[in-house]
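Numbering (the numbering used here), first residue to last: 300 to 682. Positions of the beta carbon are idealized from the N, C-alpha and C atoms, including for glycine. Note that the structure is predicted; figures quoted are calculated from it, not measured. A short write-up of the structure that comes next.
Now the structure itself:
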């Protein structure tokens, strides 16, 4: 039946929902690229909590979604910003998430890397920032997961210049038990990270970032770059030491960056691969055969959806990700920790549904349509 979806001007447009999903089956890990999906958390909808209270997580549904990603051959990037780190999920909740997900990964043979930050610390001295990082690094290493050194709001607020970044990261890399992934998250994802690596000049910041890597290449598995600037990522990956990988975090330009060029390619660690998981996995398996055109044919059409979900204010992309997980049947409700389900408008969500449905992302299109109708009715949009 025809749906009438609201647009930003208050008008309704007719949309004919898809009746058949894509046929996407689980499969093995990939051979040509290392691919992580940053995964969202599922809130407990019955918890009597408030937006600024401790996160209440539905652990069964949260872990079930990770098993879904692993079944398609994807790795899970755990406790990252997609899991609402610093936007509803505090360190206590993140530590529990890391322990539970790492144990689940070991039980089912899934690949996992977990975020290490300083979000138990609002502000402090450089020594306190180091100690906060060390506490989180110990939790991740004890869980058996690979560590992702995330950008730190506290370090951004405390550092006096590039030398403080070199000192803190050098200290952490020297003591890391295994090679880590360094994460450069741009201010479009988190405004508190403006001027990271000691400068708002991205060329100067890139220089400091590369100095940190060059001083400890044996302790850096790779870098995740989330700057939404394809050419800057390409230039950066060409300057990496031999053996250090680039994991794209560019949710605007990922197909071309993963496909690569004659001088190299990016692996992937992406929030958009949460809703795109099965389709992204299918595309990478096509790429494994050497068929770049087939890979692009599958993944290029998803960019419009990704750019929509990650439009400014980019940090609220998590709302669209969880909305699509609800429509796809991965959770029974559209509730988020921190009350973040309110962070995107109804027209934004309606367009996200339309784009995702057009791609065939919903295993049960009828369920997705029913849930959209319920949401529209809740907002007073009569069909």
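The Cβ atoms of residue 646 and residue 595 do not sit closer than 7 Å to each other. Going by beta carbons, residue 549 and residue 568 fall outside the 7 Å limit.
Annotation for residue 624: 630 place their beta carbon closer than 6 Å to its own, counting only its chain and skipping 5 residues before and after. Just so you know, the alpha carbons of residue 522 and residue 616 end up roughly 22 Å apart. About 18 Å separates the Cβ atoms of residue 639 and residue 414, ruling out a contact at the 8 Å cut-off.
The shortest C-alpha to C-alpha distance from residue 459 to any of 497, 472, 384, 435 is the one to 497. Residue 583 is a Cβ neighbour of residue 329, given a cutoff of 7 Å. Taking every protein chain shown into account, the CB of residue 403 has 16 or more other CB atoms within 10 angstroms, so this residue is buried. Taking the CA atoms as reference points, residue 669 sits about 53 Å from residue 465.
Across the structure, residue 601 and residue 570 are spaced so that their CA atoms are roughly 13 Å apart. One thing to note: residue 361 has its Cβ no nearer than 7 Å to the Cβ of residue 375. Secondary-structure assignment with DSSP links residue 305 through a beta bridge to 311. Close CB contacts of residue 648 within its chain, under the 6 Å cut and outside five residues either way in sequence, are with 622 (chain order). Only residues of its own chain outside the window of five on either side were considered, and among them 355 have a CB closer than 8 Å to the CB of residue 346, listed in chain order. Counting along the chain, residue 418 sits inside no beta strand (DSSP E), nor does DSSP assign it H or E at all. Cβ atoms of residue 412 and residue 480 come within 8 Å of each other, at about 6 Å. Per the coordinates, the alpha-carbon of residue 300 lies some 10 Å from the alpha-carbon of residue 682.
Inter-segment contact for the segment 435 to 449 and the segment 383 to 401 is present: three or more beta-carbon pairs are separated by less than 8 Å. Taking C-beta atoms as the reference points, residue 515 and residue 544 fail to come closer than 7 Å. Distances from the CA of residue 538 to each of 509, 474, 628 were compared; the closest alpha carbon is that of 509. Distance check between residue 660 and each of 531, 313, 324, 305 places 324 closest, using alpha-carbon atoms only.
Nearest in C-alpha terms to residue 484, of all of 556, 504, 519, is 504. In the displayed model, residue 376 falls within a strand according to three-state DSSP. DSSP lists 522 as the bridge partner or partners of residue 545. The alpha helix (DSSP H) runs of length 4 or more contained entirely in the segment 413 to 493 are, from start to end of the chain, 425 to 442, 452 to 457, 461 to 474. Annotation for residue 445: 412 place their beta carbon closer than 6 Å to its own, counting only its chain and skipping 5 residues before and after. Rounded to the nearest whole angstrom, the CA to CA distance from residue 650 to residue 578 is 19 Å. In this structure, residue 319 and residue 664 form a Cβ contact; the two beta carbons are roughly 7 Å apart against a cut-off of 8 Å. Residue state for residue 528 is assigned as coil, using DSSP reduced to three classes.
DSSP places residue 352 outside both helix and strand once states are collapsed to three, so it counts as coil. Shown here, residue 571 sits in coil according to DSSP, grouped into three states, outside any helix or strand. Between the C-alpha atoms of residue 529 and residue 556 there is a straight-line separation of about 7 Å. For residue 335, the enclosing beta strand (DSSP E) starts and ends at 334 to 337.
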